[in-house]
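Inspection log for the structure reproduced underneath, given as structure tokens.
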Amino acid sequence: MKKLRLILGDQLNSKHSWFSETNKDVIYCLFEMRQETDYVTHHIQKIVGFFAAMRNFAKELKEKNHNVIYFNINDKGNTQSLTENLSRLIKENNIDNFEYLSPDEYRLDKQLKDYCTNLNIASNVFSTEHFYTEKKDLETFFKGKKQFLMENFYRNMRKKHQILIVDNQPEGGKWNFDASNRKKWKGEALIPQEISFDINVQEIVSDIEKAEIKSIGKINSKYFEYPISRKQSLKQLSYFCEHLLVHFGDFQDAMHTDKIYLFHSRISFAMNTKMISPKEIIDKVLDTYRKQEDNIDISQVEGFIRQILGWREYMRGMYWMLMPDYKKENFLENKNKLPNFFWTGKTKMNCLKNAINNSLDNGYAHHIQRLMITGNFALLTQINPDEIDAWYLGIYVDAIEWVQLPNTRGMSQFADGGKIATKPYVSSGSYIGKMSNYCDACSYKKAKKFEDDACPFNTLYWNFLDEKQEKLSSNFRMKMMYSLLNKMSSEDRSKIKEKANHIIENLDEY
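Now the structure itself:
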């Protein structure tokens, strides 16, 4: 019986049971396709990263004597459609059985399910053997609940997998050390030179240019910095554990103009393409901690593990629990257009200039830059969440819809009305000043509300609360801020509204 097995670009798990033995009657197929490069405008480094990792994965499979068919983006026989490519291979190779790994994106999951319904040969779907949880686990966990609190899920995961647990209680006496993870970096903890793989991707860049694929951002075709193989992914993880873990928790929310990555692991692209698993990462972090408990505080380790065991698994579960309707949520009825400077980085606001240019230059920004700089500004200016989704999905190397959409539409934009976040993550300029040095060299003043040189975040923050009062004032986590808003004089509120309206109507002038 001849089998055709499909591997998608984010399913590069060389440890999967599929590959435990070779079989001449099994053909593995991977496709570079316009279907995937064009459904949103992607960062050039994202496209290059996926193509490079896919090509490397196919090469490694062939070296292990697996039968592999690989379509490059410009191959003449490449139809640029997933299902048309599959149909062609099934016919040409007299395939009796089609098998695929369960996609993590709703769009592709539906496409393949619909395709298999109409196939005249047998078909089967398999787990990617990557996550701690199954797709529907969160739906079961939260059944009958009105709130879907990540913290409850996270604690359950810690107990279930016995991670930082002693006698069924949290190691260190706390479930969550988030209060210790909010320090501003002032250069006191030295950051070693970040690891770089200097991968020459000139050929892939040329292929993308030949195909005339539209993209955003910049790339150095001779020095691609993200891991594109399992070996490199493990090296990246080892570097993080050896050099950065010791200060990760302290400064995980910090931002600085001179340091792009600070103490972050840069392992998300490798993890989201499944070159390395969350369990491997957590096991390595725990092993490092156990060997260096005198040097590494538990707050550093818990803060990192929470991002993977808690947040990442939670986001995937929420995505599958709430799709497909989730993609249309717009609780706050925001309708404005994204300013042009999100695509150019040309703005006088120093925090946005740094976060956006970092994104354009590197396809990267850490979670606070995404949440409290670009996301915060987009929410305060009441941008249509459809536009925010497209920007976040396209611009980041690690962005795949299952993790991007609930983070953006839920956590960042509160478009789901509180299914994921218990309150909108908005702030004035004071928070940005507290967590970064962005305000030091900015044209605007973080202490002013509505003057000409007032920080736009201040004006927009109070205007947002005013505009959305009907929808948000009953939120228990917003009561203190509404109390302060309602104590403002009518004159100040009027000045704020006037200034905010001018900002929103003239975003690219700021």
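In this note's numbering, the protein residues as written are 64 to 573. Just so it is clear, CB atoms sit at the ideal spot from N, CA and C, and this is done for glycine as well.
Quick check: the Cα distance between residue i and residue j, rounded to an integer number of angstroms?
| i | j | result |
| --- | --- | --- |
| S284 | M543 | 51 Å |
| K43 | K400 | Examination of residue 43 is not possible in this model, given that the chain is present from 64 through 573 alone. |
| D261 | S536 | 51 Å |
| W465 | E234 | 31 Å |
| Y163 | P387 | 21 Å |
| K390 | G457 | 16 Å |
| P290 | N413 | 30 Å |
| A484 | Y377 | 12 Å |
| L67 | D350 | 39 Å |
| Q370 | E197 | 18 Å |
| R375 | G280 | 26 Å |
| R433 | T100 | 23 Å |
| K209 | K482 | 9 Å |
| L308 | A252 | 12 Å |
| C518 | K512 | 7 Å |
| I495 | Y455 | 20 Å |
Taking 8 Å as the threshold (C-beta atoms), are residue j and residue i in contact?
| i | j | result |
| --- | --- | --- |
| K125 | D88 | no |
| H79 | E192 | yes |
| K560 | D516 | no |
| S491 | F520 | yes |
| F394 | G480 | yes |
| F303 | S328 | yes |
| C92 | L152 | yes |
| S292 | M338 | yes |
| F216 | L201 | yes |
| K247 | A317 | yes |
| N439 | Y488 | yes |
| Q315 | I258 | no |
| V348 | I330 | no |
| V111 | V264 | yes |
| S278 | H105 | yes |
| L175 | M96 | no |
| F114 | I267 | yes |
| N403 | D571 | yes |
| S243 | S362 | yes |
When we look at the beta-carbon of residue i and count the other beta-carbons within 10 Å, is it buried (16 or more) or exposed?
| i | result |
| --- | --- |
| N141 | buried |
| T203 | exposed |
| R379 | buried |
| V229 | exposed |
| D313 | buried |
| D270 | buried |
| A510 | exposed |
| L149 | buried |
| L547 | exposed |
| H224 | exposed |
| P255 | exposed |
| G250 | exposed |
| T336 | buried |
Identify the residues that DSSP records as bridge partners of residue i: which are they?
| i | result |
| --- | --- |
| E162 | R68 and N187 |
| M318 | S499 |
| V229 | Q232 |
| Y91 | R68 and V131 |
| N399 | I446 |
| A517 | K508 |
Is residue i near the ligand FMN, judged by its Cβ being under 7 Å from some heavy atom?
| i | result |
| --- | --- |
| N157 | Of the ligands one can find in the structure shown there are none, so the ligand FMN has no counterpart to examine. |
Taking only beta-carbon positions, decide if residue i is within less than 8 Å of chain D.
| i | result |
| --- | --- |
| N526 | Looking at the structure shown, chain D is missing, and only one protein chain is on hand. |
Practice task
Jot down the residue ranges of each uninterrupted alpha helix (DSSP H) in the segment 104-159, minimum 4 residues, whole runs only, in chain order.
Solution key: 107-126 and 145-155
Practice task
Could you pull out every unbroken alpha helix (DSSP H) segment of at least 4 residues lying fully inside the segment 245-314, listed in chain order?
Solution key: 265-273, 293-302 and 308-314
Handout entry: Entirely enclosed alpha helix (DSSP H) segments - the segment 432-495, minimum 4 residues
Key = 439-443, 448-458 and 464-468
Practice task
Report the residue ranges of all alpha helix (DSSP H) runs contained in full by the segment 354-385; include only those spanning at least 4 residues, in chain order.
Solution key: 361-368 and 376-385
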